[in-house]
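Each number in the numbering used here corresponds to the 1-based position in the sequence shown with 57 added.
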Amino acid sequence: MHPQPIQSTSFIQVLDDLGEAALLVEGVRILSANDAFCRMSGYASEHLLSLSSCLELAPVDEKPLLELRWKQRLAAPGSISRFETRMRHREGHVIHLSVAVKPLLAEGLRCVVLVRDITEQKRIEEALRRANEQFAIILEGVADGIFAIDASGDLIYANEAALRFYNFPHGKANLAEWRAHLAHHVTYSEIDGRPIPFERLPSLRALAGEVVPEHVMNYDFRETGERRVAMVKATPAFDEHGRVRFGIAIVHDLTERMRLERLKGDFLNAVTHELRTPLTSIKAYAEFLEDELLGPLSPEQHAFLAQLQRGAQQLELLVDDLLDYARIEAGEFAVRRQPCDASAILRQVGEAFDPIASARELSLTVSAPPSPLEVLADPNRLVQILNNLLSNALKFTPPGGSVTLSLSQSDTETTFVVADTGIGILAEHLPHLFEKFFQAESSLTRSYKGTGLGLPITKALVEAHQGTISVASTPGEGATFTVHLPHS
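Here is the structure:
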């Protein structure tokens, strides 16, 4: 039996009913075009049938490639051809097409050409390509190392900064070597020297679903003997089923910064010790003069001596601040906590500042229970904390204002509060108040002398007691500093 001829024209009309654009073509001539194709192309059926070749619908730059594909199709008449091409719409714009050519074996060189408009798809693909390209440019321009590993722990992306940080020699063409390089050429440890197992690296913890917000760690490169320090952040990326697809890690190199911090600390330590020696001599000779061992002093000489002693005292406070700061930066700072009487310490500090408050026409109120109130603290450092806060309160409160130093206790903590009615602090300055060398305004630096180290040192002292310090302020109404020290 012979196969029955396919009614080609009827067939493409059926496709029209299904919403599929189609042509019936013999060789290169269009024999029929259904309504769906006419709507897609903008051409009337009569115009399409009048063309000498279906290839005339292609833009000029597309014709050579399309002619080649058509010749290949004619050379293999029994096969189905699939390709993408472009066509010029009747209104002049170009549309992208996905084409499938199905030969009709019973009808000679005739074939059905199924056409799908993929212009929007191409637009989306191009937009996505450009976005990916821009994203890649951004990632490559970032100074921090950024890399991603899949669920198996294999590297799927690393920017140049990451490759440089890890001394990865193979380049991006050999990312498969990444895991072996990290496992065999680098050792990892905490800042205090405790080793970090390979499987506990932040990037691998992210693969277990853990978010690592900040982890500062050491990297020791075995071949060069170099040590680098970095802060690593890592986070997992999940699929729609809640499974980890990959982990992303960001590596911020702190090596140079920490080297400079050490140099700064060494410099401050050296300078403060160099200042301490002549300062001791100045104070000793001032006391020698004050005792009038070389003869009596005139009132004018007494005034000069008092000014000299005040200057020496201010310089001593500055040197003490710098020494404390240097110790804190070097990690050599410690407190010796012991049971002590918070009420007695509060009254002691208040009495020491009474003359200063009176000289500045300020009201100083100390509110402490008459009976002993035990707190677990280093008594000398607790005095330093209260001295710093009270000194600031008196400094920034104009004449006629008031300063209050109070104490309270709960079952779990002891609370110290220093409140003033001074100039207050702007809201935008509050987050930076405990930063080193910060002062709210340059005008304040001129009007109220200070190093900008008092509050950072105070915060470090409080935190060394496992405590917390906070501040609340309204500009023009004053500021309140609150210190909480836990009982255990």
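Note that CB positions come from ideal geometry on N, CA and C, so glycine has one too.
Per-residue burial, residue i [other beta carbons within 10 Å of its own, 16 or more giving buried]
i      : result
Val172 : buried
Leu512 : buried
Gln178 : exposed
Thr348 : For the sequence presented, residue 348 should be read as Asp rather than Thr. It is exposed - the Cβ of Asp348 has fewer than 16 other Cβ atoms within 10 Å.
Tyr223 : buried
Pro455 : exposed
Val273 : exposed
Phe192 : exposed
Val268 : exposed
Asp249 : exposed
Ser89  : buried
Leu542 : buried
Asp381 : buried
Arg503 : Unreliable positioning characterises Arg503 in this predicted model, as indicated by a pLDDT of 43, which lies under 50. A coordinate reading is not provided.
Arg279 : exposed
Asn189 : exposed
His522 : buried
Ala327 : exposed
Pro293 : buried
Ser338 : exposed
Arg262 : buried
Ser428 : exposed
Ala237 : exposed
Pro259 : buried
Thr478 : buried
Ile194 : exposed
Ile181 : exposed
Arg285 : buried
Tyr342 : exposed
For residue i, the nearest candidate out of the options (CA to CA)
i      : options                        : result
Ile152 : Ile175, Val432, Asp477, Thr334 : Ile175
Val117 : Cys95, Arg139, Asn189, Arg145  : Arg145
Thr481 : Asp296, Gly299, Leu264, Val460 : Going by the sequence as given, residue 481 is Gly instead of Thr. The shortest C-alpha separation from Gly481 is found at Val460.
His330 : Gly250, Asp377, Glu190         : Asp377
Gly39  : Gly149, Leu419, Arg404         : Here the chain has residues from 58 to 545 only, and residue 39 is not among them.
Pro160 : Phe278, Arg180, Ser138, Arg143 : Ser138
Val474 : Gly533, Ser424, Ala327, Ser109 : Ser424
Leu483 : Ser530, Arg393, Ala219         : Ser530
Ala434 : Glu470, Leu462, Ser428, Leu421 : Glu470
Ala218 : Thr281, Ala265, Ile307, Glu234 : Ile307
Glu83  : Leu131, Arg126, Gln364         : Leu131
Leu487 : Ala157, Ser527, Leu451, Ser467 : Ser527
His489 : Cys168, Gly509, Gly479         : Gly509
Glu520 : Ser338, Glu373, Phe491         : Phe491
Ala416 : Val432, Pro353, Ala387, Gly458 : Gly458
Leu374 : Phe345, Arg333, Ile181, Phe255 : Arg333
Phe255 : Leu239, Pro270, Gly266         : Leu239
Integer-rounded CB distance, given that residue j should sit under 8 Å from residue i
i      : j      : result
Ile213 : Ala200 : Rounded, the Cβ-Cβ distance is 21 Å, inconsistent with contact.
Ile385 : Asn445 : Contact doesn't hold; Cβ gap of about 14 Å is too wide.
Leu112 : Glu124 : 6 Å
Arg143 : Leu154 : 7 Å
inquiry  = At 3 residues or longer, what runs of the beta strand (DSSP E) sit wholly inside the stretch 454 to 500?
reply    = 459 to 466, 470 to 477
query = Residue ranges of each alpha helix (DSSP H) run of no fewer than 4 residues wholly in the stretch 223 to 308, ordered along the chain?
reply = 235 to 241, 259 to 264
task = Report the residue ranges of all beta strand (DSSP E) runs contained in full by the stretch 184 to 225; include only those spanning at least 3 residues, in chain order.
result = 202 to 207, 212 to 215
request  = May I have a chain-ordered list of the beta strand (DSSP E) segments no shorter than 3 residues that lie completely inside the stretch 403 to 428?
outcome  = 420 to 424
request  = Check whether the stretch 362 to 370 touches the stretch 400 to 414, counting contact only when three or more Cβ pairs, one atom from each stretch, lie closer than 8 Å.
outcome  = no
inquiry  = I'd like the ranges of any alpha helix (DSSP H) spanning at least 4 consecutive residues and lying wholly in the stretch 356 to 410.
reply    = 356 to 387
request  = Assess, as a yes-or-no matter, whether the stretch 424 to 441 is touched by the stretch 390 to 401 under the definition of 3 or more beta carbon pairs within less than 8 Å.
outcome  = yes
query = Counting pairs of Cβ atoms below 8 Å between the stretch 299 to 310 and the stretch 235 to 249, do you hit three or more?
reply = no
key: Length at least 3, wholly inside the stretch 119 to 163: the beta strand (DSSP E) runs in chain order   = 138 to 145, 151 to 160
Segment contact, 8 Å Cβ cut-off, at least three pairs: the stretch 350 to 360 with the stretch 313 to 320 = no
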